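Notes to accompany the following structure.
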Amino acid sequence: MLNVEVARPQIAAYLSAKLSSDDGVEVGPLERITIGHSRGMFRVNASYRQGGEAVARSFALRVEQAGMFGTNTLDEVRTMRSMRAAGFPVANIRFVEFDPAVIGTPFFVMDWVEGSSGPPNDAALRDYVTKLHELHQIDWRKKEIPFARIPSVPVDAVHQQVDRWMDVHRWGRVLPEPLLEEAATWLKRNAPDDLHLTLVHGDPGPLNFIHKGDEVQAFTDWEFSHIGDPNEDWLFLGGMRGRGVMEPPQWREYIADVTGHVITKETWAYWDVFNQFKGACANTSALRIFITGANPAPNMAAIGTALKLSMVQHLSTIIGMSYAREGE
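Residue numbering for the sequence shown is 27 to 354, as defined by the numbering used here.
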């Protein structure tokens, strides 16, 4: 867990070594800009002289947090740089540091993007959904994004992601959890027939994009990105992260209206289970981080227990209903 007071002079020294300044860089108090769990996000206000001229500029500092959600800086940076090169709205990454000796954990520094990650207006929301659909249309094979897992056929993508999240769960758990083991088997056996392979953001929705006026300025939080089916994104948006904007049935209609992408009730239910499973497995990592003392904050314990169990209950209900229908 980053101690911002300790990190401030370390960040100043780091930027002094990276930026062309006459006599070093001064850094103001680090400002936490989101309550992210997988990463800490801070605004860094830097001032220095360059060629005798005073320079003041802001950066965004993105910091790993003890392995939360089983993600890492390298994969996220690779994806973001590939997407920016493809012309997609992504912040420019200036510096990447993998050596934990600098501030105690890997991090990267981005150019500051002006705008808000708060609730968007109607036009900005429509722009976001349109751009998320455009993300799914990108020819990811030509972009050569160096993902660790590249599925050969669509169903492989489901199996790879189920295995990925079970690995995270097993890393974080205290004891085996049969309900999640059964859910993993159910997801593999019941994968839809009409799967597609696209670039998946993995964590789309409010708070994970920056907007200004009626337009999206940047997609953020790429640590879950991978190759998979686009409905994973749509259900994460409409079934989980976007519930504060509208309810899932309204999201299903809205997505179809804006993009022309129609999601059946059966497909919606499957990907709802998938994302609840993904969330439960990811949240288990918080329990390990809390128990080991890597981050003793009470919210880590809550995420790794109560929040995780609510997701297990939700997915168990949907799976139970599917078994009941099969028995009719």
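From the three backbone atoms N, C-alpha and C, an ideal C-beta is built for every residue, glycine too. For clarity, every value in this text was computed on a predicted model and none was experimentally measured.
query	result
Endpoints, alpha helix (DSSP H) assigned at residue 210	204–215
Where the alpha helix (DSSP H) through residue 97 begins and ends	Premise fails: residue 97 is in no alpha helix (DSSP H) and is neither H nor E.
Pick from 103, 126 and 242 that is closest to residue 136, judged by C-alpha positions	103
Outcome for residue 73 when other beta-carbon atoms lying within 10 angstroms are tallied against a minimum of 16	exposed
Unbroken stretches of the beta strand (DSSP E), 3 residues or longer, contained in the stretch 234–301	235–238, 241–245 and 252–254
Start-end ranges of the beta strand (DSSP E) lying completely within the stretch 114–188, minimum 3 residues	119–123 and 133–137
Under 7 Å between C-beta atoms of residue 273 and residue 297	no
Given 8 Å, three or more beta-carbon pairs between the stretch 186–202 and the stretch 259–278	no
Same chain only: Cβ atoms within 6 Å of residue 21, ignoring 5 sequence neighbours per side	Only positions 27 to 354 of the chain appear in this structure, which leaves residue 21 out of reach.
Contacting residues, own chain, Cβ-Cβ under 7 Å from residue 159 (five flanking each side not counted)	285 and 287
Where residue 65 falls, given that 16 or more other Cβ within 10 Å makes a residue buried	buried
Beta carbon of residue 67 nearer than 7 Å to that of residue 88	yes
Endpoints, the beta strand (DSSP E) within which residue 112 is located	First-last for residue 112: undefined, no H or E at that position.
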